[in-house]
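In case it helps, the working numbering puts the sequence shown at residues 15 to 566.
See structure below.
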Amino acid sequence: MSAGLLRRYMALLSVAAVFAAISGNQVAVAKSGAPPPARFTPNVKADASLGSQGQGDNEPQVTVDQSGMAYVTWQGSGEPMVSSTADGRTFGPATAPDPNHNDIGDVALATTTAARPGMDTAPRPSGANGVFWGDIGPTLCGALEIREATSANQGTSWSPTDAACDPNQVDRPWIAAYTPAQYRGTAAAIAHTQVFFEHHDFTTSDITVTRSFDGGATWNQVPQLAEQPGSFQQLDTTCNSIPSGIAFDQRSARAGRVYVIWETSDLINNLGLGCDYTQAQTFDRLFMSYSDDGGTTWTSSTVFSDPGCAQGTVAAGTSFPNACQDMSELFNALAVDDAGNVYVAFAWRDPMQTNPEYDIYIEKGTPQPSGAVSFGQPVKVNTDTGTHYMPWLAAGQNGAVDVVFYGTPYVQGVGAFNKPAAAPGSAVWDVYMAQSLDGATTFTQSRVSDHSVYFGDICSTGIFCGLAPPQFNWGEDRILFDDFGVAIGPDGAARVAWTDTRDSWGPSCGPTVSPNDDSNVPCQSSRIYFACQSGGVGLYGKAVSGCPVAKK
Numbered sequence: 015m016s017a018g019l020l021r022r023y024m025a026l027l028s029v030a031a032v033f034a035a036i037s038g039n040q041v042a043v044a045k046s047g048a049p050p051p052a053r054f055t056p057n058v059k060a061d062a063s064l065g066s067q068g069q070g071d072n073e074p075q076v077t078v079d080q081s082g083m084a085y086v087t088w089q090g091s092g093e094p095m096v097s098s099t100a101d102g103r104t105f106g107p108a109t110a111p112d113p114n115h116n117d118i119g120d121v122a123l124a125t126t127t128a129a130r131p132g133m134d135t136a137p138r139p140s141g142a143n144g145v146f147w148g149d150i151g152p153t154l155c156g157a158l159e160i161r162e163a164t165s166a167n168q169g170t171s172w173s174p175t176d177a178a179c180d181p182n183q184v185d186r187p188w189i190a191a192y193t194p195a196q197y198r199g200t201a202a203a204i205a206h207t208q209v210f211f212e213h214h215d216f217t218t219s220d221i222t223v224t225r226s227f228d229g230g231a232t233w234n235q236v237p238q239l240a241e242q243p244g245s246f247q248q249l250d251t252t253c254n255s256i257p258s259g260i261a262f263d264q265r266s267a268r269a270g271r272v273y274v275i276w277e278t279s280d281l282i283n284n285l286g287l288g289c290d291y292t293q294a295q296t297f298d299r300l301f302m303s304y305s306d307d308g309g310t311t312w313t314s315s316t317v318f319s320d321p322g323c324a325q326g327t328v329a330a331g332t333s334f335p336n337a338c339q340d341m342s343e344l345f346n347a348l349a350v351d352d353a354g355n356v357y358v359a360f361a362w363r364d365p366m367q368t369n370p371e372y373d374i375y376i377e378k379g380t381p382q383p384s385g386a387v388s389f390g391q392p393v394k395v396n397t398d399t400g401t402h403y404m405p406w407l408a409a410g411q412n413g414a415v416d417v418v419f420y421g422t423p424y425v426q427g428v429g430a431f432n433k434p435a436a437a438p439g440s441a442v443w444d445v446y447m448a449q450s451l452d453g454a455t456t457f458t459q460s461r462v463s464d465h466s467v468y469f470g471d472i473c474s475t476g477i478f479c480g481l482a483p484p485q486f487n488w489g490e491d492r493i494l495f496d497d498f499g500v501a502i503g504p505d506g507a508a509r510v511a512w513t514d515t516r517d518s519w520g521p522s523c524g525p526t527v528s529p530n531d532d533s534n535v536p537c538q539s540s541r542i543y544f545a546c547q548s549g550g551v552g553l554y555g556k557a558v559s560g561c562p563v564a565k566k
């Protein structure tokens, strides 16, 4: 074949691939090139049934069951709630999975593993389709432990129980679930589903997991260390960590393997700068552990370490060298695709760029025959200029991944300890999703929010927000709190839930009222908004046309 004919042949193949995506046929895995833009349904309130009582809701998480029913949970104005939608347009009444238990927040959601990737299936016998919820709440062990609740009837009723018992108290639990293949879609699915929480504590700050092997009916309440004993990852994590995600390998040759990630500084600075409480440290390291034996033993490794940091050379109680960049804006994110590839996303300011800014980066990890995971170089996810925070991930078929984040065109500067500097009221934020179908090599960015969601600062120092000395020049407003989420159903279409302040804007509250400073930012009040992907390509290679409706 001549060179000219070969070029024409390759071009025809490319056109055929695009046509297949448009027509709804399965797209071959790991296609090179950027996918088409995604479209989203009009944004709706997930907490609409609460009326004005929902003002102040924040930190939503979202999951989708095997029928396509989407569930959103949140904390904020009252006790943590869950609401669900079958069509992405209307939500049922919000309910409390753990009623009258004085739960605090830090909510999380997971489901049993869908029987078929690429398509929704109607719920089968009772026990086939489970939803698992968790948050921080009081138990007999202490005020800050983990409560979990399981629903076998799509959120109509819940069975709550105590999950963790940690004498050091628990902070920021994340959840993941895995149903072995032989039980998926059967009446025995929930009873054989592994449900794991990742979390840390307020003393040692070790990364630990709490485990159930029967769908939340019973729990190994004593936390299991998820750091490899004696590793430098364990040493550096001492007294300060940010647990950032847990995920199971659902379908590859290593199905059942569980991963956790966390970020930290180094031992000297963790001890010298307030440990868990101030978050004044420059969080520059991202670690991962995996377990192949149900969370009993773990192997730890490094995903990312800021290349500009002179680790371990700084006197206790002082900041890093100026070259060391923080990556704690705020949580990182973790997902595993159906081929077993591991994706980790984080916010980072790369000082080697001509015009450095806080961008979203992703690293793809590939499991090796030895079992270890080999990570490539960070790839920038966002395709625009500005400031970008709070990534969250969902993965589907081989090489397919969605990343959601907040973004503003305003480029924030740098404050003390290389934390982001304060932003003026003119910094207006939206929700975006970037999608890759070629293994996180190229991305297409699409806007999810149909109205700007916030203006001003987004604080990234957690419980230390508002407490830093003025000379630090940090963003101090925590109205959006610290995370939001994305999930795909078995159909591969994205569902996104986020914290949104648009309803509080008016003549005396908005980005034009005091655009040159952030004095007007506290006038905003938050709600939980939701959108469903209604166009483009889902993570199972099928064209999306309208928000998928859950099967009955």
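Quick reminder that beta carbons are idealized off the backbone N, C-alpha and C, glycines included.
- In this structure, C253 places its C-beta atom within 8 Å of the C-beta atom of S219.
- With a cut-off of 8 Å on Cβ pairs, the region 513-528 is not in contact with the region 548-556, counting fewer than three such pairs.
- Taking a cut-off of 8 Å on C-beta distances, the region 185-199 touches the region 256-264, as three or more cross pairs fall below it.
- Boundaries of the beta strand (DSSP E) around G421: V415 to T422.
- Here G379 is bridged, per DSSP, to V356 and F389.
- Judged by beta-carbon spacing, L344 lies beyond the 8 Å limit of F318, meaning their Cβ atoms are not closer than that value.
- It is roughly 9 Å from the alpha-carbon of G141 to the alpha-carbon of G199.
- For K565, the closest of P237, C523, G503 and K378 by C-alpha to C-alpha distance is G503.
- By DSSP's assignment, W406 forms a beta bridge with V418.
- Here G82 has A100, D134, G503, P504, D505, P562, V563, A564 and K565 as same chain residues with Cβ atoms under 8 Å from its own Cβ, once five neighbours each way along the sequence are excluded.
- Rounded to whole angstroms, the gap between the alpha carbons of L64 and V96 is 11 Å.
- Counting only runs of at least 3 residues, the region 32-114 fully encloses the following beta strand (DSSP E) elements, listed from N- to C-terminal order: 72-78, 84-89 and 95-99.
- Following the DSSP letters along the chain, one finds N283 inside the alpha helix (DSSP H) bounded by residues L281 to G286.
- A195 sits in a helix when the DSSP states are folded into three classes.
- Contact check for A436 against G499 fails: the beta carbons are separated by 8 Å or more.
- Restricting attention to Q264, D398, F431 and T127, the CA atom closest to the CA of Q295 is found in F431.
- In this structure, W276 places its C-beta atom within 8 Å of the C-beta atom of T251.
- By the Cβ test, the region 112-123 is in contact with the region 63-78, since at least three Cβ pairs between them sit closer than 8 Å.
- A distance of 8 Å or more separates the beta carbons of D117 and G68.
- For C546, the secondary structure class from DSSP, reduced to helix, strand or coil, is strand.
- In this structure, P370 is the residue among Q538, V387, Q411 and P370 with its C-alpha nearest to the C-alpha of K394.
- Counted as a single uninterrupted DSSP element, the beta strand (DSSP E) harbouring D176 occupies residues S173 to D176.
- Counting the other Cβ atoms within 10 Å of the Cβ of S460 gives 16 or more, which makes it buried.
- For A454, same chain residues with a beta-carbon under 7 Å away, outside a window of 5 residues either side, are Y357, I376, K378, V393 and V415 in chain order.
- Annotation: Y446 to Y424 spans about 15 Å, alpha carbon to alpha carbon.
- Beyond the five residues adjoining it in sequence on each side, G230 comes within less than 7 Å, by CB distance, of F146, E162, T164, T175 and V209 in the same chain, given in chain order.
- The beta carbon of C338 lies closer than 7 Å to those of T296, D298, D320, G322, C323 and N432 in the same chain, with the five residues before and after it left out.
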